[in-house]
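Enquirer: Structure in structure tokens, see below.
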Amino acid sequence: MYIFKAAVVGAGAMGGGIAQVITYAGLPVIVKDIDEKQLELARKHVEGIYQSRVDKGKMTPGQMQEKLGLIEYTLTYDGFDDVDIVIEAVPENMKIKQAVFKELDEVCNPDCIFASNTSALSIGEMGSVTKRPHKVIGMHFFNPAHVMKLVEIIPSSETDQDTIDTVEQFAQELRKVPVVVKECPGFLVNRLLMPYLNEAVICVQEGAATPDEIDAAMGREGFGWPMGPFTLMDMLGNDVCYHVGEYLSSKYGDRMEAAILFKEVFDAGRLGEKANAGWYDYPGGGHSAAVDALIKKLQDEGKVKSGTKFSVDRLMMPMLNEAFMCVEEGIANVNDIDMACIAGIGMQINKGGELVRMGPLEYADELGLDVVLEKLQALEQEFGRRFKPADILVKKVKAGELGKKAKRGFKEYTV
Ligand code: 3HC
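So my numbering is basically just the index in the sequence shown, starting at one, shifted up by 18.
This is the structure in structure tokens:
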């Protein structure tokens, strides 16, 4: 099936960004919300992205107007009867998403594909309230949607092959990198990213380091990431991170138990850049005395440990370990896992000042799987079961598949 026309429901930052991506590829799109103000924000967001292309000399004002003319903003479902795909980007709440899908089922033609931009929730559960579960699929964009190349495609057990193929082809047409991922809580990239972000928050609540120190250690000048974990969370929104964290915690238990400070920061309304307050104070992104006070309160009440030490490994090893488990469970293949982390979260390593793009599995192979196993065992001894090494890692080390030095680890190497 070919996509001639699309619709986006939910005009938040992601919905607006996705609409921009669709029009940039030359396709018409309807953007629907229930709130006029939200539609206006989306319109400004999309215009801002195009304006920056014009300012950079990448397109003319005329071309910009042509692209903007492809978007129709609406509060109703008028025009939804002839769209080929709807991408849902409403708040991360299963009841809201199911209600939207039920409405869409009434107004869209029976062949229309329903895609959800959910960060972590079950595609099967969304499909189950429609008369077309075989046409319901996850299509997960990364923030900022117009910049990040990855789109995770998540079929449920009911999704048919034609829908998967169509959405994969559609993502390519949008000039994105599609990676098909087996359904599991958090899918692939958020499942790997959350343990990393959560450990960063645990470090902060235990007084091991401040957000500024951790961002410096993990960012371009340090480990190599395009931005440190706290800057990233403030960009994504601490409401999004908190909800994804709680959801994964409920699904994976101990090893992803959400840091208490996440809830404190969320309850304090420190939702990130959009709220002018997050892990940092905005505008400017400076150190926050209010966050210091939240940490002090938790420590005074004896609710968190104190005096532990921060290390880069403490953040990176849980991410690597989760990647190993994804290989073990067949969530995606080895190459796709690495590519998804490069295209979705910009993973790169600072090698003596040179930033080298590399996914978690190649990074583990480069460190040596025996070395990674030792690091995880030491962290497990110090901090507990959330660092318990994946079975597949233990097996590979026993089999002598130690990574690049053995020419075989998660990948194979000829030199
Ligand atoms: N919000 C929105 N857009 C932003 C932004 C922000 N905070 N920061 C930068 N951008 C846009 C800029 O406007 C620019 O767009 P343009 O080309 O239209 O002008 C573009 O990004 C590139 O910006 P810069 O030239 O300033 O480039 P940088 O080198 O500073 O890179 C970045 C910015 C691309 C955001 C880079 O820092 C990066 O890759 N960060 C990691 C982002 C990431 O990991 N995203 C995925 C998070 S996980 C997720 O989304 C899943 C969800 O379910 C939780």
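Glycine included, C-beta positions come from ideal geometry on N, C-alpha and C.
1. Measuring only the C-alpha atoms, how far is Phe328 from Thr228?
2. Using the Cα positions of Gly421 and Val389, report the straight-line distance between them to the nearest angstrom.
3. Work out the CA separation of Ala396 and Ile278 for me, nearest whole Å.
4. List the endpoints of the continuous alpha helix (DSSP H) containing Ala13.
5. Among all the DSSP beta bridges, which residues are the ones paired with Thr177?
6. So what does DSSP say about Phe284, is it helix, strand or coil?
7. Count the other C-beta atoms from every protein chain shown that fall within 10 angstroms of the C-beta of Asn83, then say buried if there are 16 or more, exposed otherwise.
8. Answer yes or no: the CB of Pro162 versus the heavy atoms of the ligand 3HC, is any distance below 8 Å?
9. Apart from the five residues on each side of it in sequence, which residues of its chain come closer than 6 Å, Cβ to Cβ, to Leu391?
10. Among Leu45, Pro109 and Asp102, which residue has its Cα nearest to the Cα of Leu86?
11. When burial is assigned at 16 or more other CB atoms within 10 Å of the CB, is Thr181 buried or exposed?
12. Would you mind stating whether Ile171 and Ile105 have Cβ atoms separated by less than 9 Å?
13. Compare the beta carbon distance of Val345 and Phe428 with 9 Å and say whether it is the shorter of the two.
14. Bridge partners for Tyr298 per DSSP, in chain order?
15. Which of helix, strand or coil does DSSP assign to Tyr95?
16. Indicate whether Phe98 and Ile48 have their beta-carbon atoms separated by less than 9 Å.
17. Hey, out of Thr177, Asp409, Lys315 and Asp51, whose CA is closest to Ile131's CA?
18. According to DSSP, is Phe160 part of a helix, a strand, or is it coil?
19. On the DSSP bridge list, what partners appear for Leu168?
20. I need the straight-line Cα distance from Val195 to Thr41, nearest angstrom please.
21. Excluding sequence positions up to five away, which residues of its chain have a Cβ less than 8 Å from the Cβ of Val352?
22. Compute the beta-carbon to beta-carbon distance between Val101 and Gly28, rounded to the nearest angstrom, for a pair I have assumed lies under 8 Å.
23. Taking C-beta to C-beta, are Glu239 and Asn368 nearer than 9 Å?
24. Tell me the DSSP bridge mates of Ser134?
25. Going by beta carbon distance, what residues of the same chain come within less than 7 Å of Ala226, once the five residues before and after it are set aside?
26. Pull up the distance between the alpha-carbon of Tyr20 and that of Phe188, whole angstroms please.
27. Please report how far the alpha carbon of Ser324 lies from the alpha carbon of Phe401, in whole angstroms.
Expert: Taking the geometry as given:
1. Rounded to whole angstroms, Phe328 and Thr228 show a C-alpha spacing of 10 Å.
2. 10 Å
3. 24 Å
4. No answer is possible for residue 13: it lies beyond the span of the chain, which begins at 19 and ends at 433.
5. Per DSSP, none; premise fails for Thr177.
6. The three-state reading of DSSP puts Phe284 in helix, counting H, G and I together.
7. Before going further, note that residue 83 is Gln rather than Asn in the sequence given. It is exposed - the Cβ of Gln83 has fewer than 16 other Cβ atoms within 10 Å.
8. yes
9. Pro407, Leu411 and Val415
10. Leu45
11. Result: buried.
12. no
13. yes
14. DSSP output for Tyr298 lists His305 as bridge partner(s).
15. coil
16. yes
17. Of the listed residues, the one whose Cα sits closest to Ile131 is Thr177.
18. coil
19. DSSP lists Val195 as the bridge partner or partners of Leu168.
20. 17 Å
21. Taken in chain order, the residues that qualify are Val345, Leu379, Phe428 and Lys429.
22. Not really, about 15 Å apart at Cβ, beyond 8 Å.
23. yes
24. Glu106 and Gly156
25. Thr326, Lys327 and Phe328
26. 8 Å
27. 12 Å
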